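Participant: Okay, handing you the structure first.
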Amino acid sequence: MDSLIAGRYQIINTLGKGGFGETFLARDTHLPSQRLIVIKRLRQVNSNHNVSADVISDLFQKEAQVLEELGQNCPQIPTLYAYFVENNQFYLVQEYIEGTSLADLGIINSSQCRNILTSLLQTLQFIHSQKIIHRDIKPENIIIRHRDGVPILIDFGAVKETMGTVALSSGSMVSSVVVGTKGFMPPEQSTGRTVYSSDLYALALTMIYSLTGKYPIEFPSNSLNGQLEWTNYVPDIDPQLQEVLSRASKIDLSQRYATAKEMLQDLCLSEIQTVAVIPQGREIPDKLPLHSPRNSNSEINSPTVAIPVDYNSMSGTSSPVQPNIKPKTKPVNNPVYSQENSPSHPVTKPKNFSQSSYSSDTYTQENYQKNNWIPLVISAIIAGVLVSAGFLITEYIQQTQAQLAQIEQEKAETEARLAQEQKMREEEAQRRAEAEKQRQQAELERIRAEQLRRQAEVESQNNAITTDISNPENTVNTGDSAENQTDATSVDNAENTMPNTTNTLNADSAVSALQEFYNLVSQKNYDRARQFFANPNNLDPSFFNQFAQVTVEELKVVNQNENLITLEGKNTYLYKDGTKQKEKRNFTIEMIDGNLKLTNSAFLEVLDKRK
Numbered sequence: 001m002d003s004l005i006a007g008r009y010q011i012i013n014t015l016g017k018g019g020f021g022e023t024f025l026a027r028d029t030h031l032p033s034q035r036l037i038v039i040k041r042l043r044q045v046n047s048n049h050n051v052s053a054d055v056i057s058d059l060f061q062k063e064a065q066v067l068e069e070l071g072q073n074c075p076q077i078p079t080l081y082a083y084f085v086e087n088n089q090f091y092l093v094q095e096y097i098e099g100t101s102l103a104d105l106g107i108i109n110s111s112q113c114r115n116i117l118t119s120l121l122q123t124l125q126f127i128h129s130q131k132i133i134h135r136d137i138k139p140e141n142i143i144i145r146h147r148d149g150v151p152i153l154i155d156f157g158a159v160k161e162t163m164g165t166v167a168l169s170s171g172s173m174v175s176s177v178v179v180g181t182k183g184f185m186p187p188e189q190s191t192g193r194t195v196y197s198s199d200l201y202a203l204a205l206t207m208i209y210s211l212t213g214k215y216p217i218e219f220p221s222n223s224l225n226g227q228l229e230w231t232n233y234v235p236d237i238d239p240q241l242q243e244v245l246s247r248a249s250k251i252d253l254s255q256r257y258a259t260a261k262e263m264l265q266d267l268c269l270s271e272i273q274t275v276a277v278i279p280q281g282r283e284i285p286d287k288l289p290l291h292s293p294r295n296s297n298s299e300i301n302s303p304t305v306a307i308p309v310d311y312n313s314m315s316g317t318s319s320p321v322q323p324n325i326k327p328k329t330k331p332v333n334n335p336v337y338s339q340e341n342s343p344s345h346p347v348t349k350p351k352n353f354s355q356s357s358y359s360s361d362t363y364t365q366e367n368y369q370k371n372n373w374i375p376l377v378i379s380a381i382i383a384g385v386l387v388s389a390g391f392l393i394t395e396y397i398q399q400t401q402a403q404l405a406q407i408e409q410e411k412a413e414t415e416a417r418l419a420q421e422q423k424m425r426e427e428e429a430q431r432r433a434e435a436e437k438q439r440q441q442a443e444l445e446r447i448r449a450e451q452l453r454r455q456a457e458v459e460s461q462n463n464a465i466t467t468d469i470s471n472p473e474n475t476v477n478t479g480d481s482a483e484n485q486t487d488a489t490s491v492d493n494a495e496n497t498m499p500n501t502t503n504t505l506n507a508d509s510a511v512s513a514l515q516e517f518y519n520l521v522s523q524k525n526y527d528r529a530r531q532f533f534a535n536p537n538n539l540d541p542s543f544f545n546q547f548a549q550v551t552v553e554e555l556k557v558v559n560q561n562e563n564l565i566t567l568e569g570k571n572t573y574l575y576k577d578g579t580k581q582k583e584k585r586n587f588t589i590e591m592i593d594g595n596l597k598l599t600n601s602a603f604l605e606v607l608d609k610r611k
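Here's what the structure looks like:
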């Protein structure tokens with residue numbers, strides 16, 4: 001492609017197309033490096049919903065500012081270089097991320113999944129702190145950057161929602177489209193009630209896709225709660241990672257993580273390791289790995305590990321862990337035991353056992369005394385874990401309460417603001433209605449005055465015509481015949497001419513006739529109004545009955561010859577509920593049998609929609 005956008009960006013190829021527009025890979029020709037960039041060309045989805053291009057442009061500018069701030073403050077979000085509007089199309093110029101999307105990366109293991117998930121949760125924690133929701137997290141929108149392996153989050157959905165903005169009858173602006181991808185979009189998002197947890201749901205399903213290579217629609221679901229049954233497809237997954245992903249992908253919003261921080265804390269808890277003590281009497285290996293490979297056949301399934309201790313290096317120092325040191329001399333094969341019924345005095349032992357043997361009771365007691373520290377260590381570990389868990393739970397409860405209080409405060413402020421705006425809109429509508437009512441009354445008075453003036457002119461002209469007709473040279477001077485002739489002329493004029501108009505075809509007479517017609521229609525005097533039509537059946541009273549008044553203004557001549565005049569003007573239709581609509585229409589008036597007749601009327605366009 002050789003085409004340039006904004007005289008600067010040279011299109012290389014098309015990266016994708018969709019319902020909201022197109023995405024291009026391009027080159028910035030104004031830079032010495034000819035840097036590669038990504039251009040998103042967006043279009044307005046609902047251009048016929050009474051939302052001006054200026055409103056969309058303002059909303060687009062605000063969303064672009066949000067993207068700019070996110071890209072400047074988070075290295076895992078593409079930088080926004082520029083935005084502009086050209087030929088009623090909206091453009092974003094963003095950083096090109098050279099890498100591989102999770103959709104193309106293939107199946108990853110639990111360790112890779114944990115690293116990617118941890119990084120993206122930190123990114124979402126920042127995004128949500130700015131009161132922004134991504135709305136369209138999926139494998140295609142997460143790119144693993146080649147140069148450092150960092151996951152990058154692209155294609156925010158807020159700008160797309162802006163392109164679907166429509167105006168409600170109340171005057172408020174809302175988006176008529178739901179941004180998201182089927183399968184990765186939670187139920188509440190499909191109804192337009194997107195929350196922070198919606199991003200966590202989509203991220204969890206994206207990670208499940210990366211672990212299994214399967215889209216959500218490919219998994220069976222539980223018949224009772226609709227939950228996806230995916231764990232059988234990853235038999236060697238880390239149990240804690242599985243628990244985190246399962247909770248984040250719950251269908252029920254109340255059972256999911258509320259924040260990215262909460263989900264990140266649970267994920268990090270799975271990495272806490274607990275020290276285990278090797279029982280005495282067993283040999284300690286020289287080397288023991290702290291982590292067993294996740295894909296091996298090892299039976300160690302928990303983070304509990306053994307810590308080797310080098311006792312030779314601990315001489316001269318004290319340690320709570322004492323080795324099981326064997327006695328210098330072993331007990332003899334036949335130790336001397338006291339007899340059950342022996343006298344109370346000591347039993348004389350053979351001389352060869354006096355210094356080199358132990359009784360079994362003494363040996364057992366010494367072993368017990370040396371090993372009694374084991375329960376203390378275990379108790380201390382358990383107590384530490386419980387204290388940590390209690391601290392985390394307390395912190396979570398406090399954060400949740402603070403968030404709920406903030407949500408309630410924002411809700412109250414929003415309701416108060418909406419109520420105030422609604423009151424202001426109602427007052428403004430009332431003022432407009434009063435002003436329109438006064439204007440209409442003034443217009444009616446003007447029309448009546450104009451009608452009286454034209455009626456006087458017509459009567460004056462009729463008197464002149466009657467004088468000419470009554471010339472004795474052209475008529476029979478008979479009393480009865482003159483009277484009959486006058487009566488016949490009056491009847492003919494009443495039936496065939498337009499009321500209150502002259503029989504002269506000119507701009508003034510045509511305008512006057514048309515205004516008289518709409519005055520009669522507004523008065524519901526359809527019998528007289530039909531006289532204006534060349535074909536009286538063309539008048540449909542049922543159409544005009546829905547209006548309280550119909551007027552015509554700003555009439556001008558667009559075509560005229562000796563047989564007809566074509567006028568163009570604005571019709572105002574005032575409905576009975578107080579709403580009105582303005583349209584542009586043309587009218588053709590011809591002289592038929594010496595009378596002005598309306599032969600054609602055509603609709604041109606809607607100037608102001610009904611409101």
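For reference, each letter of the sequence shown is one residue, going 1 to 611 in the UniProt record's numbering. Ideal placement from N, C-alpha and C gives every residue a C-beta, glycine not left out. The model shown is predicted, which means the values in this text are computed figures rather than measured ones.
1. Could you tell me which whole alpha helix (DSSP H) segments of length 4 or greater appear in the segment 170-241?
2. Starting from V552 and walking both ways along the beta strand (DSSP E), at which residues does that stretch end?
3. Which two residues bound the contiguous alpha helix (DSSP H) that contains F126?
4. With distances taken Cα to Cα, identify the nearest neighbour of R454 among A26, D28, A513 and L70.
5. Relative to the C-alpha of A548, which residue among G594, A248, N506 and L444 is closest?
6. Between which two residues does the alpha helix (DSSP H) carrying R528 extend?
7. According to the neighbour-count rule (16 or more other Cβ atoms, all chains shown, within 10 Å of its Cβ), is D155 buried or exposed?
8. Please work out which residues of its chain come closer than 7 Å, Cβ to Cβ, to S169, disregarding the five sequence neighbours upstream and downstream, and give them in chain order.
9. In angstroms with no decimal places, state the Cα-to-Cα distance between E395 and L124.
10. Looking only at its own chain, which residues have a Cβ that is under 7 Å from the Cβ of E140, when we skip the five neighbours before and after it?
11. Taking 8 Å as the cut-off, is the beta-carbon of T23 closer than that to any non-hydrogen atom of the ligand FAD?
12. Write down the C-beta distance between R145 and E98 rounded to the nearest angstrom, noting that I regard them as a contact closer than 8 Å.
13. Once DSSP output is grouped into helix, strand and coil, what is the label at I152?
14. Grab me the residues of L4's own chain with a C-beta within less than 8 Å of its C-beta, minus the 5 sequence neighbours each way, in chain order.
15. Output the distance between the C-alpha atoms of Q255 and G213, rounded to the nearest integer angstrom.
16. If L15 sits next to F24, beta carbons under 8 Å apart, how far is it from one beta carbon to the other, in whole angstroms?
17. Are L598 and N586 touching if we call contact CB-CB under 9 Å?
18. Could you name the residues of the same chain whose beta carbon sits closer than 7 Å to that of G578, not counting the 5 residues immediately before and after it, in chain order?
19. Take G7 and list the residues in its own chain whose beta-carbon comes closer than 8 Å to its own, dropping the five residues that flank it on each side.
20. Which one or two residues does DSSP pair with A82 in a beta bridge?
21. Here's the rule: buried if 16 or more other CB atoms are within 10 angstroms of the residue's CB, otherwise exposed. What is L418?
22. Measure the C-alpha to C-alpha separation of Q406 and A412 and round it to an integer number of angstroms.
23. Flag this pair as touching only if the segment 68-86 and the segment 109-117 have three or more C-beta atom pairs under 8 Å; answer yes or no.
24. Helix, strand or coil: how does DSSP classify T579 here?
25. Secondary structure at D540, three-state DSSP: helix, strand or coil?
26. Indicate whether V521 and V557 have their beta-carbon atoms separated by less than 9 Å.
27. Go ahead and pull the three-state DSSP assignment for F603.
28. Going by C-alpha distance, which of G71, S33 and F84 is nearest D58?
29. Can you list, in chain order, the residues of its chain whose CB lies under 7 Å from that of F603, leaving out five sequence neighbours each side?
30. Label E408 either buried or exposed according to how many other C-beta atoms from any shown protein chain fall within 10 Å of its C-beta, with 16 as the threshold for buried.
31. Does any residue of chain B have a CB that is nearer than 9 Å to the CB of K40?
32. Use the C-beta contact count for E459: other C-beta atoms within 10 angstroms, 16 or more gives buried, fewer gives exposed.
33. Which residues bound the beta strand (DSSP E) around Y9?
34. Let's see if you can read the secondary structure: which residues bound the beta strand (DSSP E) around D28?
35. In the DSSP output, what is I107 paired with across the bridge?
36. Use the C-beta contact count for D527: other C-beta atoms within 10 angstroms, 16 or more gives buried, fewer gives exposed.
Facilitator: With the given structure in hand:
1. 187-190 and 196-212
2. By 1-based counting over the sequence shown, the position of residue 552 is 552. Here the beta strand (DSSP E) through V552 covers F547 to Q560.
3. Locating residue 126 in the sequence shown gives position 126, counting from the first residue. Counting along the chain, the alpha helix (DSSP H) containing F126 begins and ends at S110 to S129.
4. Within the sequence shown, residue 454 is the residue found at index 454, counting from 1. Comparing Cα-Cα distances from R454 to each of A26, D28, A513 and L70, the minimum goes to A513.
5. Along the sequence shown, read from residue 1 onward, the residue named residue 548 stands at position 548. Taking only the C-alpha atoms, the option nearest A548 is L444.
6. The sequence position of residue 528 within the sequence shown is 528, counting from 1. It spans Y526 to A529 - the alpha helix (DSSP H) in which R528 sits, taken as one unbroken run.
7. One-based indexing of the sequence shown puts residue 155 at position 155. Buried is the call here.
8. Reading the sequence shown from its first residue, position 169 is the one you call residue 169. For S169, the predicted structure reports a pLDDT of 46, less than 50, and the residue's modelled location is therefore unreliable. A value from the coordinates is still provided. Around S169: no qualifying Cβ.
9. Walking along the sequence shown from the start, residue 395 turns up at place 395. Walking along the sequence shown from the start, residue 124 turns up at place 124. Answer to the nearest angstrom: the Cα atoms are 20 Å apart.
10. Position 140 of the sequence shown, counted from the first residue, corresponds to residue 140. Closer than 7 Å at Cβ, skipping near neighbours: S101 and A103.
11. Although the ligand FAD was asked about, the structure shown includes no ligands whatsoever.
12. Taking the first residue of the sequence shown as position 1, residue 145 is located at position 145. Taking the first residue of the sequence shown as position 1, residue 98 is located at position 98. About 7 Å; that satisfies the 8 Å criterion.
13. Locating residue 152 in the sequence shown gives position 152, where the first residue counts as 1. Of the three classes helix, strand and coil, the one that applies to I152 here is strand, per DSSP.
14. Here the question's residue 4 lines up with position 4 in the sequence shown. So the qualifying residues of the chain are Q10, I11 and T29.
15. Taking the sequence shown and counting its residues from 1, the one referred to as residue 255 is at position 255. Taking the sequence shown and counting its residues from 1, the one referred to as residue 213 is at position 213. So the two alpha carbons sit approximately 26 Å from each other.
16. Here residue 15 corresponds to residue number 15 of the sequence shown, with the count starting at 1. Here residue 24 corresponds to residue number 24 of the sequence shown, with the count starting at 1. At roughly 6 Å, the Cβ-Cβ gap stays under 8 Å, so L15 and F24 are in contact.
17. As a first step, residue 598 must be located in the sequence shown, where it is residue number 598. As a first step, residue 586 must be located in the sequence shown, where it is residue number 586. Not closer than 9 Å, so no.
18. Against the sequence shown, residue 578 aligns to sequence position 578. Here the set comprises A433.
19. Taking the first residue of the sequence shown as 1, we reach residue 7 at position 7. Same-chain partners within the cutoff: there are none.
20. Numbered from its first residue, the sequence shown carries residue 82 at position 82. Answer is V93.
21. Within the sequence shown, numbered from 1, the residue matching residue 418 stands at position 418. Result: exposed.
22. Sequence index remark: in the sequence shown, residue 406 carries index 406 (1-based). Sequence index remark: in the sequence shown, residue 412 carries index 412 (1-based). About 10 Å.
23. no
24. Counting from 1 along the sequence shown, the entry for residue 579 is found at position 579. Coil at T579, not helix or strand.
25. Numbered from 1 along the sequence shown, position 540 holds the residue referred to as residue 540. DSSP places D540 in coil when its eight states are reduced to three.
26. Your numbering for residue 521 matches position 521 in the sequence shown. Your numbering for residue 557 matches position 557 in the sequence shown. No.
27. What you label residue 603 is simply residue 603 of the sequence shown in a count that begins at 1. Correct three-state label for F603: strand.
28. The sequence position of residue 58 within the sequence shown is 58, counting from 1. Here the closest residue by C-alpha is F84.
29. Translated into positions along the sequence shown, residue 603 becomes position 603. Here the set comprises E583 and R585.
30. Sequence index remark: in the sequence shown, residue 408 carries index 408 (1-based). Exposed, because fewer than 16 other Cβ atoms sit within 10 Å of the Cβ of E408.
31. Structure shown: chain B not included; a single protein chain is present.
32. Translated into positions along the sequence shown, residue 459 becomes position 459. E459 is exposed by the Cβ-count criterion.
33. In the sequence shown, counting from the first residue as 1, residue 9 sits at position 9. Y9 to G18 is the span of the beta strand (DSSP E), which, as asked, contains Y9.
34. As a first step, residue 28 is located in the sequence shown; it is residue number 28 there, counting from the start. Per DSSP, D28 belongs to the beta strand (DSSP E) from G21 to D28.
35. Residue mapping note: residue 107 aligns to position 107 of the sequence shown, counting from 1. According to DSSP, which records beta bridges pairwise, I107 is partnered with nothing at all.
36. For the purposes of this step, residue 527 is identified with residue 527 of the sequence shown, where counting begins at 1. The residue in question, D527, is exposed, as its Cβ has fewer than 16 Cβ neighbours within 10 Å.
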